[in-house]
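Using my numbering, read the sequence shown as starting at 23 and increasing by one per residue. Ideal Cβ placement from N, Cα and C applies to all residues, glycine included.
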Amino acid sequence: MASVLTKSAITRGRDEVYVMAMPLRATKGPAQLFMSTAYSLNLWDLQHFMVLIKPSSPPPSSQALVFDFQPKDPENIYVALDVISGRAVPGVLLMRKLRELPRSKCWYVGSSKVDAIDVACEFNKNWETDLRVGDHDCRNYTNDLVEYLTGQKNVLECLRRSNGGLG
Numbered sequence: 023m024a025s026v027l028t029k030s031a032i033t034r035g036r037d038e039v040y041v042m043a044m045p046l047r048a049t050k051g052p053a054q055l056f057m058s059t060a061y062s063l064n065l066w067d068l069q070h071f072m073v074l075i076k077p078s079s080p081p082p083s084s085q086a087l088v089f090d091f092q093p094k095d096p097e098n099i100y101v102a103l104d105v106i107s108g109r110a111v112p113g114v115l116l117m118r119k120l121r122e123l124p125r126s127k128c129w130y131v132g133s134s135k136v137d138a139i140d141v142a143c144e145f146n147k148n149w150e151t152d153l154r155v156g157d158h159d160c161r162n163y164t165n166d167l168v169e170y171l172t173g174q175k176n177v178l179e180c181l182r183r184s185n186g187g188l189g
């Protein structure tokens, strides 16, 4: 059975894999305030999930990379309406650098036996970018990429259970 590991269980010489959560992006105004509040209240279903890879290769201070799947224009009101109505919207795969790991809502979930960044980039080449919330969204992307990197299945459900549904 898959389990969420503690940092002390990290194996040296392997890229570390984390899951992190952020507030969902929304149009400015009430929608954005609602999403920020939902995130602050730890409402699990109203968070955006991403995969963070911390390379083990030198230099040890190497930056972490975040792999992300989201709508192309997440702050567009018409995209939001399409998402709410269950229609597919154009999505985009993003890769960003981070100087350090977030202090909250970031969970170590395993390590990769191979170069995780190369594997994640290869994974992205085959990922369908039409986004449909609840069917093919950041949760599916996070679960599938973590499984591809570490072998751990349904990581978000494991995290949800281990955190009592809270971040």
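Check whether residue i and residue j have beta carbons under 8 Å apart
i    : j    : result
T151 : P112 : yes
R36  : S78  : yes
L115 : F91  : yes
L167 : V73  : yes
For residue j and residue i, the rounded distance between their alpha carbons
i    : j    : result
P96  : A102 : 7 Å
G156 : H70  : 12 Å
F145 : V177 : 17 Å
W149 : S134 : 19 Å
G108 : C143 : 28 Å
R154 : I99  : 16 Å
E179 : K94  : 26 Å
D137 : V131 : 16 Å
A110 : H158 : 9 Å
F89  : R121 : 14 Å
L171 : V141 : 7 Å
P45  : N185 : 17 Å
Assigned exposure category for residue i - 16 Cβ within 10 Å defines buried
i    : result
M117 : exposed
M57  : Only weak support exists for where M57 lies, its pLDDT of 47 falling under 50; the value from the coordinates is given anyway. M57 comes out buried.
G173 : exposed
R183 : exposed
Sequence-distant residues of the same chain with beta carbon closer than 7 Å to residue i, five excluded per side
i    : result
K6   : Residue 6 cannot be examined here, being either before or after the span of the chain that is shown, 23 to 189.
W129 : V26, Y40, V41 and L181
R161 : F71 and L178
Nonlocal neighbours in the same chain, by C-beta distance under 8 Å from residue i, ignoring five residues either side
i    : result
I139 : D37, I75, P77 and L87
Counterpart residues of residue i in DSSP-defined beta bridges
i    : result
R118 : V88
E144 : None; E144 has no bridge partner.
D152 : P112
G132 : V39
R75  : According to the sequence as given, residue 75 is Ile; it is not Arg. DSSP, once it has assigned bridges, lists V39 and L87 as partnering I75.
P93  : G113
Own chain, CB closer than 6 Å to residue i, minus 5 neighbours either side, in chain order
i    : result
E169 : K175
A43  : Q69, F71, K127 and G189
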